[in-house]
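Each remark here refers to the structure printed beneath this line.
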Amino acid sequence: MLQALTLEDLTSFCIRRGFFFPSGRIYGGLRGFFDYGPLGAELRREILDDWWYYFVRRREDVVGIHGCIITHPRTWEASGHLESFFDYLVTCSRCGRDFRADHLLEDAGVKVVELTAEEISRLIREKGVRCPECGGELSEPVPFNLMFTTYVGPKRTRASEAYLRPETAQLIFLNFKDVYYASRLKLPFGIAQVGKVFRNEISPRNFLFRLREFEQMEIEYFVNPRKMDDCPLFKDVADMEVQLLTAERQEKGLEEPLRITLEEAWEEGLISCKWHAYWIGESLRWLERIGISLERIRVREHVKTELAHYAIQTFDIEYNFPFMGWKEIEGVSNRGDYDLRRHQQYSGKDLAVEDDGEKVLPHVIEPSFGLERIILAALADAYTLIKGRPVLSLHPRIAPVKVAVFPIVNKPDFTRKAREVYHMVKEHYTAIYDEKGTIGKRYFKADEIGVPLAITIDGKTLEDDTVTVRFRDTREQIRVHTSQLIQKIREILENWHHHTTRKT
Ligand code: GAP
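Going by our numbering, the sequence shown opens with residue 547, and the numbers climb by one from there.
In structure tokens form, the structure reads like this:
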């Protein structure tokens, strides 16, 4: 069924059902910007809340912060973003349109991983790549910095320039020492943050995949550099089997990943350290927890030329999208002490902390999730046709609406009782009420937006106060007394076996 799903299908489904709308649509839209509609807003909240619960609240070694979007300009000098955070741009000499050079090469079938300007220029000429809009000749590639600039205060001068953050991570580094003291933390520990980031992408595309405004969910996990392999939590993930595509295999032209446990991968020196392997495992556990199938996930190491300026080793967690193949939804990097060292150097402040009676500048492992890409993967993963009809088999943990309530017929005795049940359920769970159309159509509409449970008030309800509870994925129904209903819903949702109950 997944093969049938195109990006166009998913995009129009999401707009039609109120998950997302192109921002400023009545004025023709603004490329790279999407607003969340009512269902999208609920879905977003569920994912953010579960991420925060799983990675922050549940743990004793991670605390959260919430930093500013407009950031001190020195931040980005120190982080290296002003110097290194760019893509190559080419402009059509005939129609004047701008394009991201590597995307044009990719579209021309060239496998591109971080090329130099000279290499791009050569390949464009060799492959005869021209403007995809008008066939015009393309300019030489020029670096284009992706940071959005703004002005702080009334004067628009060079001195009042500031930047909208392109990653949340830097706010964590800036606040590192204050958080360390305020929270009385000891190494190893993590600081987490979720929030908006902005990148002036040259060519935003693929719906939610490449946006100019999006949200990140990031953790910077600080470890004594001498203890990178001293990870007491590693046992939680050691046996997990992952599909690992190493840089070495890619350099040999091999596409097939290794199927290997994280322990084996670490033992064979394929992952920089135990803490790095641990955070890969924890990331995968969370993705599975929100219903994303790990069979469609692989862990791909960045090849040398692809590594960000700050990274010692990076793995992309990639999802196999039915409409665009393997694409990054999360990165897990070993950033070493690059960021703290640079901020220390640029600010003149000592950012070292105590561990075992000595002062150390910690090294950092960073799991960095893009919220919209997680949403795209969750939607693609959940979109199924059951008996020819679309069903969004989202895990109840993230489903935007948990319960639908229907009177079997649109008559006063039934609607009165159904609204009473609806209000009772709504006190506890996001719920919708619908009395229009046949009951079959209402079930289908609820299935299509991923509502796990539908409750129907029928003739028997009026006699004995029981209702039917219908399961989205199996269409099975059970009868429950209204006095037990909330408890039963809780029981079902908390014990949901998403992939085992799904009948396709
Ligand atoms: N702090 C590290 C960092 O920002 P990144 O790989 O540039 O690393 C992390 O971004 C995640 O943010 C990616 O894995 C992806 O999910 C998301 N992301 C990056 N650029 C994006 C874009 N233009 N639109 C939507 N999501 C994006």
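Even for Gly, the Cβ is constructed at its ideal location relative to N, Cα and C.
In this text, all values refer to a predicted model and were calculated from it rather than measured experimentally.
query                                                                                                                                                                  : result
With a threshold of 16 other CB atoms inside 10 Å of the CB of Cys777, please say whether the residue is buried or exposed.                                            : buried
Using 8 Å as the threshold, is the stretch 944 to 956 in touch with the stretch 997 to 1011, meaning 3 or more CB pairs across them?                                   : yes
Provide the residue span of the beta strand (DSSP E) that contains His1027, from first to last.                                                                        : Gln1023 to His1027
For Glu554, which residues from the same chain have a beta carbon less than 8 Å from its beta carbon, with the 5 sequence-adjacent residues on both sides left out?    : none
Hey, would you say Met786 sits closer than 8 Å to Gly837, going by beta carbons?                                                                                       : no
Distance, Cα to Cα, Val910 vs Gly613?                                                                                                                                  : 19 Å
Just to confirm my understanding: we take Val675, look at its own chain, exclude 5 residues before and 5 after, and list those with CB closer than 7 Å. What are they? : Leu650, Leu651, Ala654 and Leu684
Would the beta-carbon of Ser914 be found less than 7 Å away from any heavy atom of ligand 1?                                                                           : yes
Could you tell me whether any non-hydrogen atom of ligand 1 is closer than 7 Å to the CB of Arg844?                                                                    : no
Among Pro771, Thr984, Lys742 and Asp901, which residue has its Cα nearest to the Cα of Asn509?                                                                         : Residue 509 is absent from the structure shown; the chain starts at 547 and stops at 1050.
With a threshold of 7 Å, establish whether the CB of Arg888 neighbours any heavy atom of ligand 1.                                                                     : no
Taking its Cβ as the centre, do 16 or more other Cβ atoms sit within 10 Å of Gln1033, making it buried, or is it exposed?                                              : exposed
Just checking, does the stretch 934 to 949 make contact with the stretch 968 to 977 on the three C-beta pairs under 8 Å criterion?                                     : yes
Reducing DSSP to helix, strand and coil, say where Phe601 ends up.                                                                                                     : helix
If I measure Cβ to Cβ from Thr976 and keep anything under 7 Å in the same chain, skipping five residues before and after, which residues do I get?                     : Glu588, Pro946, Val947 and Lys948
What residues match up with Thr976 in a beta bridge as DSSP calls it?                                                                                                  : According to DSSP, which records beta bridges pairwise, Thr976 is partnered with nothing at all.
Would you mind listing the beta strand (DSSP E) stretches within the stretch 850 to 885 that are 3+ residues and don't spill past its ends, in chain order?            : 859 to 867 and 871 to 882
Beta strand (DSSP E) containing Pro619: first to last residue?                                                                                                         : Note, Pro619: premise wrong, no beta strand (DSSP E); alpha helix (DSSP H) at Pro619 to Ser625.
Straight-line CA distance for Arg620 to Arg888?                                                                                                                        : 11 Å
Let me know if Gly871 comes out buried or exposed under the rule of 16 or more other beta-carbons within 10 Å of its beta-carbon.                                      : exposed
Got a sec? Which residues, its chain only, sit under 6 Å from Gln716 by beta carbon, not counting five neighbours each side?                                           : Thr621 and Ser625
Hey, is Leu757 close to ligand 2, as in C-beta under 7 Å from one of its heavy atoms?                                                                                  : By its list of ligands, the structure shown excludes ligand 2, since it contains just ligand 1.
For the alpha helix (DSSP H) holding Phe719, just list the boundary residues, first then last.                                                                         : Ala715 to Ala728
To the nearest angstrom, how far is it from the Cα of Leu585 to the Cα of Asp633?                                                                                      : 34 Å
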